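*Asks:* What follows is a single structure, and I will ask about it in a moment.
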Amino acid sequence: MESLVTTVLIVGGLGALLALLLFLVAKKFYVEEDPRIDEVEKMLPGANCGGCGFAGCRAMSEALVSKDDISALFCPVGGDECMKKVAGYLGKAAPEKEPMVAVVRCAGSCDNRPRNNRFDGAKSCLVASSLYAGETGCPFGCIGLGDCAVKCEFGALSINPVTGLPEVDDEKCTACGACVKACPKGIIELRKKAKRGLKIYVSCVNKDKGAVARKACKVACIGCGKCAKVCPHDAIVVENNLAYIDYSKCKMCRKCVVECPTGAIVECGFPPRKVAENDANSSNKVAE
Amino acid sequence: MKTFPIGGIHPSDCKEYSKSAAIETFPTPATVTIPLSQHIGAPAVACVAKGDRVLVGQVIANAGGFVSSPIHSSVSGTVVAVEPKADAQGNKKPSVTIAVEGDEWVDTIVRGGALKKNINLSKEEIVSKISQMGIVGMGGATFPTHVKLSIPAGKKAECLIINAVECEPYLTADYRVMLEQGEKLIVGARILAKAIGVDKIYIGIENNKPDAISHLQQLASAYVEVEIIPLKMRYPQGGEKQLIAAVTGREVPSGGLPIDVGAVVQNVGTALAVYEAVMLNKPLFERVVTVTGSQLASPKNLLVRIGTPMSALIDYCGGMEGVGKVIAGGPMMGRAVSNVDAPVTKGTSGVLLMPTEESLRNVEGSCIRCAKCVEACPMGLEPYLLNRLTQLGDFEQLEHHYIADCIECGCCTFSCPSYLPLLDWVRIGKAEVMKRIRERAAAKK
Chain A
350 MESLVTTVLI
360 VGGLGALLAL
370 LLFLVAKKFY
380 VEEDPRIDEV
390 EKMLPGANCG
400 GCGFAGCRAM
410 SEALVSKDDI
420 SALFCPVGGD
430 ECMKKVAGYL
440 GKAAPEKEPM
450 VAVVRCAGSC
460 DNRPRNNRFD
470 GAKSCLVASS
480 LYAGETGCPF
490 GCIGLGDCAV
500 KCEFGALSIN
510 PVTGLPEVDD
520 EKCTACGACV
530 KACPKGIIEL
540 RKKAKRGLKI
550 YVSCVNKDKG
560 AVARKACKVA
570 CIGCGKCAKV
580 CPHDAIVVEN
590 NLAYIDYSKC
600 KMCRKCVVEC
610 PTGAIVECGF
620 PPRKVAENDA
630 NSSNKVAE
Chain B
154 MKTFPIGGIH
164 PSDCKEYSKS
174 AAIETFPTPA
184 TVTIPLSQHI
194 GAPAVACVAK
204 GDRVLVGQVI
214 ANAGGFVSSP
224 IHSSVSGTVV
234 AVEPKADAQG
244 NKKPSVTIAV
254 EGDEWVDTIV
264 RGGALKKNIN
274 LSKEEIVSKI
284 SQMGIVGMGG
294 ATFPTHVKLS
304 IPAGKKAECL
314 IINAVECEPY
324 LTADYRVMLE
334 QGEKLIVGAR
344 ILAKAIGVDK
354 IYIGIENNKP
364 DAISHLQQLA
374 SAYVEVEIIP
384 LKMRYPQGGE
394 KQLIAAVTGR
404 EVPSGGLPID
414 VGAVVQNVGT
424 ALAVYEAVML
434 NKPLFERVVT
444 VTGSQLASPK
454 NLLVRIGTPM
464 SALIDYCGGM
474 EGVGKVIAGG
484 PMMGRAVSNV
494 DAPVTKGTSG
504 VLLMPTEESL
514 RNVEGSCIRC
524 AKCVEACPMG
534 LEPYLLNRLT
544 QLGDFEQLEH
554 HYIADCIECG
564 CCTFSCPSYL
574 PLLDWVRIGK
584 AEVMKRIRER
594 AAAKK
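Protein sequences, first through last, are from chains A and B. When you read off a place in the first sequence, starting at 1, and then add 349, the result is the number in my numbering. When you read off a place in the second sequence, starting at 1, and then add 153, the result is the number in my numbering.
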């Protein structure tokens, strides 16, 4: 009985002593931290995706609190709303950015772009692209092994088994840019998120000459320049046999879509076109 | 019998298909496409234009720097294009396309005649001639030979090792050269030895080629400085560092070069090319290529002009029937070909045709931590770890685990019971780490 008491006393006393020591050390070496960092971190989405350029939401909130000018900092996941809230809390001017969305600029599905060999190595776009030009005649297009889908933290990207191409779920996409970095071919681009999910873009990145590109893929941009000529807003540039639509200038008039002979320019989210008499020919061309 | 100390594997050598086929000269094709980057280092710069007439052996592109090599025309005819053309992997590379007319050689090239044994040129003259004639390492790595022969200040070469191992399964090009052109090969080796100022030449040959060993031993008996070293068969004995370890017992330090242990290694094909360049003024515009495969009608060893399409060689030897995969080089280190119309280059030691059932990889499993890859790695690395770290993108740790020492021999992938594509990933990690090391070195300067 006596030994039990001694044991309890010794262990208990030791515990109390160490607790006191810990308390004193914690007091002495207390790190003064701005309490606002915790608050700001709570306001951020907590995705820790790295889309802002920082390691995670904590690092971002530290930067938001410590910097006077936060115009260069932006959380793509939270968007304008979240940044306004944070800026209002900190009493700083809120940075503004248009909401963006990831767009896959390749339409080389299995039907459009015939395979002429089969890749049998590690299931990774990065590995495949480091080894050779790809399974099809187009060395620029999508490899389809899904590095982008693996890197997407929000489940917004998935490979469509029918087309073999990645598809973006606009609702889930936060424009963090992880897929843009993951794609070794540079196919994915962040473009302005328009109202009602409207999109017009050149769904091709092939820089080969027209004939070569067309031979490799039915829906390749052949760099003919018809779209640039028809565009009333000077939004289209043709460089290295490839057209590019500048989303900041595009007014979504859809004239280029009708004009494109290969159907490389894609429109999304628009209501079905009214087929006017004189427009019938060009509409058929798109449907081909 | 000697061999290297750690790692290695024993694949079946499969040389029986083409080993008894004597070297045959392949007829000159109608057009050749000669890439301007057939070596490691800066690409050569074209010095001909569309419409120019060229002769066999004429320079068509000058070296683009010190670590570079000039390119010579392999045919006579008219230049029809100087533009990018798809290489064996489908990537566009600057090339010169020539339409063949006749077979007119540059008149400085000595054709025919007896073997020339006397080396009258000085060290510097030999190196400059090798550089002008566009000689590169012909084992597959295509490192410009004159760079290897320029010993850096403060270093001293003690011996020359001729790499006659040909440890890659299927390939027999070097073997046929040893049997048919043994004398030229030994003179070539003596020229190389003179260029680096050494008086000891080792020729390392694996014991699966006993007739080559005895033939060269007989020829070498005339020269005191040449010694034939038979080696126990094991892959990758033809790796530079493995061969040095096997022959001399010395280990090249991590991040170091063979010259750090006093050795210079040159391939059999290179030694023959050096003989022809120095003694006969013949630039490197043709090479021996093994065209082989288990289902091929007539596997052959062909003397091919650089720029000949691989498809022409394949048709000549029996065609593509039943072929699932074409590999440029051997099955271990060669690269799969997606464009068979791509040209033969200075580094193409073989064209291997794998039947469909052998060409597919097995379904990938999970790592079971058996450490077979660690046992197989001839550089003493941990491939399973490098594989995982690359997938996680931890490049600091990769460097810490010596990924830069990987020789990309493929022993890890070969030995993995879960069929993991280890080397595919390790290569990615190595490339990124090497890039970082180079950037750091550049920033220091």
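Note that CB positions come from ideal geometry on N, CA and C, so glycine has one too. All values reported here derive from a predicted model rather than from experimental measurement.
(1) Within its chain, find whatever has a CB closer than 6 Å to the CB of Tyr428 (chain B); leave out the 5 residues flanking it on each side and keep chain order.
(2) Please work out which residues of its chain come closer than 6 Å, Cβ to Cβ, to Pro247 (chain B), disregarding the five sequence neighbours upstream and downstream, and give them in chain order.
(3) Between the Cα of Pro297 (chain B) and the Cα atoms of B:Arg206, B:Pro196, B:Cys526, which residue gives the shortest distance?
(4) Let me check one thing: in DSSP terms, what residues is Ile224 (chain B) bridge-paired to?
(5) Counting only beta-carbon atoms, is Leu480 (chain A) nearer than 9 Å to chain B?
(6) My guess is that Gln211 (chain B) and Ser222 (chain B) are in contact by the Cβ rule of under 8 Å, so how many angstroms apart are they, rounded?
(7) Among B:Gln285, B:Met463, B:Val289, which has the Cα closest to the Cα of Val497 (chain B)?
(8) Buried or exposed for Asn627 (chain A), please, with buried defined as at least 16 other CB atoms from any protein chain shown within 10 angstroms of its CB.
(9) State buried or exposed for Ile159 (chain B), treating a residue as buried only when at least 16 other CB atoms are found within 10 Å of its CB.
(10) Cα separation between Val232 (chain B) and Gly408 (chain B)?
(11) Could you check where the alpha helix (DSSP H) with Glu390 (chain A) kicks off and where it finishes?
(12) Just tell me which of B:Gly335, B:Met286, B:Ala294 has its CA closest to the CA of Lys270 (chain B).
(13) If contact means a Cβ-Cβ distance below 9 Å, which residues of the segment 497-526 of chain B contact chain A?
(14) Could you work out which residues of chain A lie near Arg580 (chain B), taking near to mean beta carbons separated by less than 9 Å?
(15) Can you tell me the Cβ-Cβ gap for Val426 (chain A) and Trp578 (chain B), rounded? I've got them flagged as a contact below 8 Å.
(16) With burial defined as no fewer than 16 other Cβ atoms inside 10 Å of the residue's Cβ, what is the status of Leu370 (chain A): buried or exposed?
(17) Assuming Thr461 (chain B) and Asn454 (chain B) form a contact by the criterion Cβ under 8 Å, report the distance between their Cβ atoms to the nearest whole angstrom.
(18) Quick one: which chain A residues come within Cβ less than 7 Å of Asp577 (chain B)?
(19) Step through the CB atoms of chain B and report whether any lies within less than 9 Å of the CB of Gly457 (chain A).
(20) Quick one: grab the DSSP three-state call for Thr186 (chain B).
(21) Quick check: Cys570 (chain A) and Gly457 (chain A), are their CB atoms within less than 9 Å of each other?
(22) Hey, Cys312 (chain B) and Ala416 (chain B) are a contact pair by Cβ (cut 8 Å); roughly how many whole angstroms apart?
(23) Quick check on Ala426 (chain B) - is its C-beta less than 9 Å from some C-beta in chain A?
(24) So with Cβ pairs under 9 Å, would you call Gln370 (chain B) a contact of chain A?
(25) Say whether chain B places a C-beta atom closer than 9 Å to the C-beta of Gly427 (chain A).
(26) Flag this pair as yes or no: are the beta carbons of Gly437 (chain A) and Arg462 (chain A) separated by less than 9 Å?
(27) Apart from the five residues just before and just after Lys597 (chain B), which ones in its own chain have a Cβ nearer than 6 Å to its Cβ?
(28) Going by CA-CA distance only, name the one from B:Pro484, B:Gly477, B:Gly446, B:Arg403 that's closest to Thr471 (chain B).
(29) Less than 9 Å between the C-beta atoms of Pro182 (chain B) and Arg440 (chain B), yes or no?
(30) Please report the straight-line C-alpha distance between Gln419 (chain B) and Ile397 (chain B), rounded to a whole angstrom.
(31) Below 8 Å, can you find three or more Cβ-Cβ pairs linking the segment 561-579 of chain A to the segment 519-539 of chain A?
(32) Is the CB-CB distance between Cys609 (chain A) and His582 (chain A) below 9 Å?
(33) Grab the span of the beta strand (DSSP E) containing Cys528 (chain A) for me, first residue to last.
(34) Between the segment 487-519 of chain A and chain B, which residues of the former have a C-beta closer than 9 Å to a C-beta of the latter?
(35) What's the C-alpha gap between Tyr323 (chain B) and Asp166 (chain B)?
(36) State the Cα-Cα distance for the pair Tyr379 (chain A) and Leu373 (chain A), rounded to the nearest angstrom.
*Replies:* A quick look at the data gives this:
(1) Lys337, Val340, Gly341
(2) The residues are Leu189, Pro237.
(3) B:Pro196
(4) B:Ala214
(5) yes
(6) With a Cβ gap of about 15 Å, Gln211 (chain B) and Ser222 (chain B) do not count as contacting.
(7) B:Met463
(8) Low confidence applies here, because Asn627 (chain A) scores a pLDDT of 49, under 50, leaving its location unreliable; read the following figure in that light. By the 10 Å Cβ count, Asn627 (chain A) comes out exposed.
(9) exposed
(10) 43 Å
(11) 384-392
(12) B:Gly335
(13) Ser512, Leu513, Arg514, Glu517
(14) Val476, Ser479, Leu480
(15) 30 Å between Cβ atoms; not a contact.
(16) exposed
(17) Not confirmed; about 14 Å, so no contact.
(18) Gly470, Ala471, Val476
(19) no
(20) Under the three-state reduction of DSSP, Thr186 (chain B) is assigned to strand.
(21) no
(22) 6 Å
(23) No, Ala426 (chain B) lies away from the interface with chain A (no Cβ there is under 9 Å from its Cβ).
(24) Not one beta carbon of chain A lies nearer than 9 Å to the beta carbon of Gln370 (chain B).
(25) no
(26) no
(27) none
(28) In the sequence as displayed, the identity of residue 471 (chain B) is Gly instead of Thr. Ranking B:Pro484, B:Gly477, B:Gly446, B:Arg403 by Cα distance to Gly471 (chain B) puts B:Gly446 first.
(29) Result no, Cβ atoms of Pro182 (chain B) and Arg440 (chain B) do not sit closer than 9 Å.
(30) 11 Å
(31) no
(32) no
(33) Going by DSSP, Cys528 (chain A) is part of no beta strand (DSSP E) but of the alpha helix (DSSP H) stretching over 527-531.
(34) Those residues of the segment 487-519 of chain A that come within reach of chain B (Cβ to Cβ, closer than 9 Å) are Pro488.
(35) 6 Å
(36) When rounded, the distance between both Cα atoms is 10 Å.
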